[in-house]
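To start, the structure itself, in structure tokens.
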Amino acid sequence: MNRFYAKITGIQNSGNLHLVTLDFSGTVLKMISLDLPQKVCEGAVAELSVKPSHVAIAKDFSGEVSYSNRIPARIEGIERGELLSIVTLDAGEESFESLITTGSLLRMELKPRQSVKVMIKASELSLVRIVDEY
Amino acid sequence: MIEIDICKRLHGASGEMDLEVKLEIKQGAFVALAGESGSGKTTLLRILAGLETVDSGVIRVGDKKWLDAGSKRGINLPPQKRKIGFVFQDYALFPNMSVLGNLLYVRKDKKFAQKLLELVGLSQLQDRLPAALSGGQKQRVSLARAMMGRPEILLLDEPLSALNPELRAKLQQDILSLHEAFGTTTVMVSHDPSEMYRLASRVVVLNHGKVVRNGAAKEVLLHTSGSQKFSFEGELLEIYKVDVLNVGVVSIGNQLVEVVLDSSEASQLRPGDIVSLGTKAFAPLVSKARKKRMKL
Numbered sequence: 005m006n007r008f009y010a011k012i013t014g015i016q017n018s019g020n021l022h023l024v025t026l027d028f029s030g031t032v033l034k035m036i037s038l039d040l041p042q043k044v045c046e047g048a049v050a051e052l053s054v055k056p057s058h059v060a061i062a063k064d065f066s067g068e069v070s071y072s073n074r075i076p077a078r079i080e081g082i083e084r085g086e087l088l089s090i091v092t093l094d095a096g097e098e099s100f101e102s103l104i105t106t107g108s109l110l111r112m113e114l115k116p117r118q119s120v121k122v123m124i125k126a127s128e129l130s131l132v133r134i135v136d137e138y
Numbered sequence: 009m010i011e012i013d014i015c016k017r018l019h020g021a022s023g024e025m026d027l028e029v030k031l032e033i034k035q036g037a038f039v040a041l042a043g044e045s046g047s048g049k050t051t052l053l054r055i056l057a058g059l060e061t062v063d064s065g066v067i068r069v070g071d072k073k074w075l076d077a078g079s080k081r082g083i084n085l086p087p088q089k090r091k092i093g094f095v096f097q098d099y100a101l102f103p104n105m106s107v108l109g110n111l112l113y114v115r116k117d118k119k120f121a122q123k124l125l126e127l128v129g130l131s132q133l134q135d136r137l138p139a140a141l142s143g144g145q146k147q148r149v150s151l152a153r154a155m156m157g158r159p160e161i162l163l164l165d166e167p168l169s170a171l172n173p174e175l176r177a178k179l180q181q182d183i184l185s186l187h188e189a190f191g192t193t194t195v196m197v198s199h200d201p202s203e204m205y206r207l208a209s210r211v212v213v214l215n216h217g218k219v220v221r222n223g224a225a226k227e228v229l230l231h232t233s234g235s236q237k238f239s240f241e242g243e244l245l246e247i248y249k250v251d252v253l254n255v256g257v258v259s260i261g262n263q264l265v266e267v268v269l270d271s272s273e274a275s276q277l278r279p280g281d282i283v284s285l286g287t288k289a290f291a292p293l294v295s296k297a298r299k300k301r302m303k304l
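For the protein sequence lines, the chains are A and B, in the order given.
Going by the working numbering, the first sequence opens with residue 5, and the numbers climb by one from there.
Going by the working numbering, the second sequence opens with residue 9, and the numbers climb by one from there.
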């Protein structure tokens, strides 16, 4: 599981639906969730997670996309399977795994050390816990 | 306000256990008592009813003491002096008395008895003997009978567990109507989360004789972990690899499910592990699996 840390900078809500804004080494992240655990507050550090199958990769991207989370990253390694491939990405201090079809890997000509953007929808980012000591 | 602060040593199947419960229940509340079997739920209900003694403790209902085992003289009102109604899982009706007779045994007030029978939809059957009734009808008679004494506290010990799901839904509605119509404080032992969610304003969970959870039904019953709103525990049976994926087979309830594990999850898990499967409230797809509950 992709696990990483980010600092909560804002919480908006509409009823029990919450939109949490976080800072991930300079990149703004958004996470949407129903009721939040009590410890969630501005300034707290959250451990976040996302399934590799929910992590998209964009290369030489231009134009607008609805993904709230677009994190600059560098390709670290590629495990190529017959139908699916795992791309390991390096984003500052954290690394991500992305599970994509081998077809996409070939079409996009992804190679190690290339600069790409990691894209994650706000609804697919999960809060694991609030870290008491960071 | 009902204040319960009691202590009793129990000698159960799994050895000795101290039932130690401190609870405040607001007048008119609907409280569900949950917990594994042997956790002390039924004993607590029987103590409230005056059917069991305690080693020490106090039960105060409004400004009246029902029980004070600590004071010199000691107070322990007998069941008939406590304003309670009790419904058991097995109906406990008098077989030789008609439906109406069962109600009138509690109090000779025919008008009130008929009003109650109307509330639970049994007016037509008031002259029948219990043997001529279905399980759901019998339990409705016990419910009506429990209300005959206009109880301050209605105690329900898994009243619906012997009934099928359709009947349960109907009886849940009857219980709620009676609870609301008479402003009774109701304490119900239940194992069924949907029943507790529908009926109870508060859920109290007992474990080994102690209160371990006490809060709003949704707060207590919703399985969450961080922002995961959809979480189940199960046993990991197998991990197998296909292409670059690891797939875990997990047994949950009486079903097997398959989930894709990523490499770090797979490396930390072994078959036989008890795992928690979770996803955010956004991910699951929902569709109707069978016909809606029958309307009775």
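We treat Cβ as the ideally placed atom computed from N, Cα and C, and that holds for glycine.
Since this is a predicted model, take the numbers as computed values, not measurements.
Report the residue from the options whose alpha carbon sits nearest the alpha carbon of residue i.
| i | options | result |
| --- | --- | --- |
| B/L230 | B/L179, B/V255, B/L164, B/A289 | B/A289 |
| B/C15 | B/F38, B/G78, B/G43, B/S259 | B/G78 |
| A/P56 | B/N84, B/Y113, B/A297, B/V268 | B/V268 |
| A/P41 | A/G81, A/L114, A/V24, A/N6 | A/V24 |
| B/L214 | B/A42, B/K34, B/M25 | B/A42 |
| B/V283 | B/L293, B/I247, B/V294 | B/I247 |
| B/I12 | B/G36, B/L59, B/V69, B/G58 | B/V69 |
| A/K115 | A/R84, A/V54, A/F100 | A/R84 |
| B/E32 | B/S45, B/I10, B/A21, B/L141 | B/I10 |
| B/A368 | B/T50, B/S131, B/L59, B/F96 | In the structure as shown, chain B starts at 9 and stops at 304, and residue 368 of chain B therefore has no counterpart that could be examined. |
| B/V66 | B/K89, B/G58, B/L75, B/E60 | B/L75 |
| B/S271 | A/I61, A/S72, A/F100 | A/F100 |
| A/S72 | A/G14, A/I15, A/K125, A/Q16 | A/K125 |
| A/D95 | A/T31, A/L26, A/H22 | The sequence shown places Ala at residue 95 of chain A, not Asp. It is A/T31 whose Cα lies nearest to the Cα of A/A95. |
| B/A225 | B/L175, B/R206, B/A297, B/K119 | B/R206 |
| B/L53 | B/H216, B/K30, B/V195 | B/V195 |
| B/E28 | B/L245, B/R17, B/R90 | B/R17 |
| B/G48 | B/D71, B/D165, B/K89, B/K116 | B/D165 |
Can you tell me the Cβ-Cβ gap for residue i and residue j, rounded? I've got them flagged as a contact below 8 Å.
| i | j | result |
| --- | --- | --- |
| A/I79 | A/V91 | 6 Å |
| B/P138 | B/L101 | 4 Å |
| B/V250 | B/E266 | Incorrect: roughly 10 Å between the Cβ atoms, too far for contact. |
| B/L253 | B/P279 | Going by Cβ atoms, the distance from B/L253 to B/P279 rounds to 17 Å, so no, they are not a contact pair. |
| B/L125 | B/A152 | 6 Å |
| A/V54 | A/I15 | 19 Å between Cβ atoms; not a contact. |
| A/A50 | A/L26 | 6 Å |
List, in chain order, every chain A residue whose beta-carbon is nearer than 8 Å to that of residue i.
| i | result |
| --- | --- |
| B/D251 | G85, E86, L87, L88 |
| B/K119 | Chain A residues near B/K119: none, gap ~46 Å exceeds 8 Å. |
I want to see whether chain B comes within less than 8 Å of residue i, judged by CB atoms only; does it?
| i | result |
| --- | --- |
| A/L33 | no |
| A/V132 | yes |
| A/S18 | no |
| A/Q118 | no |
| A/L26 | no |
| A/L38 | yes |
| A/S99 | no |
| A/T13 | no |
| A/L23 | no |
| A/S102 | no |
| A/K115 | no |
Taking residue i as the query, report the chain B residues whose CB atoms sit under 7 Å from its CB, ordered along the chain.
| i | result |
| --- | --- |
| A/S127 | K288, F290 |
| A/P41 | G234 |
Within the 8 Å Cβ cut-off, does residue i reach chain E?
| i | result |
| --- | --- |
| A/L109 | Judged by its chain identifiers, the structure shown contains no chain E, and its protein chains are A and B. |
Within the 8 Å Cβ cut-off, does residue i reach chain A?
| i | result |
| --- | --- |
| B/L304 | Here the model assigns B/L304 a pLDDT of 47, short of 50, so the residue's position is not dependable, and the following value carries that caveat. B/L304 does not count as touching chain A. |
| B/V268 | yes |
| B/K7 | Absent from the structure is residue 7 of chain B, since the part of chain B shown begins at 9 and ends at 304. |
| B/M196 | no |
| B/L244 | no |
Starting from residue i, find everything on chain B with Cβ-Cβ shorter than 9 Å and list it in chain order.
| i | result |
| --- | --- |
| A/E72 | Residue identity differs from the one stated: residue 72 of chain A is Ser in this sequence, not Glu. Near A/S72 there are no residues of chain B at all, since even the closest Cβ is about 13 Å away, more than 9 Å. |
Residues of chain A with a CB under 9 Å from the CB of residue i: which are they?
| i | result |
| --- | --- |
| B/K296 | Going along chain A, no residue has its Cβ under 9 Å from B/K296, so there is no contact; the nearest lies around 22 Å. |
Going along chain B, which residues have a C-beta under 8 Å from residue i?
| i | result |
| --- | --- |
| A/P56 | D270 |
Report yes or no: do the stretch 100-108 of chain A and the stretch 10-23 of chain A share at least 3 C-beta pairs separated by less than 8 Å?
-> The stretch 100-108 of chain A is not in contact with the stretch 10-23 of chain A.
Do the stretch 232-243 of chain B and the stretch 121-135 of chain A meet, that is, are 3 or more Cβ pairs less than 8 Å apart?
-> As far as the Cβ criterion goes, the stretch 232-243 of chain B touches the stretch 121-135 of chain A, which means the pair count is three or higher.
Taking contact to mean at least 3 C-beta pairs separated by less than 8 Å, is the stretch 62-77 of chain A in contact with the stretch 110-128 of chain A?
-> When C-beta atoms of the stretch 62-77 of chain A are compared with those of the stretch 110-128 of chain A, three or more pairs fall below 8 Å, so the two segments count as touching.
Count the CB pairs spanning the stretch 135-154 of chain B and the stretch 93-109 of chain B that are closer than 8 Å, and state whether there are at least three.
-> A contact exists between the stretch 135-154 of chain B and the stretch 93-109 of chain B.
Cβ pair count under 8 Å reaching 3, the stretch 198-215 of chain B against the stretch 49-67 of chain A | Contact between the stretch 198-215 of chain B and the stretch 49-67 of chain A is absent, because fewer than three Cβ pairs lie under 8 Å.
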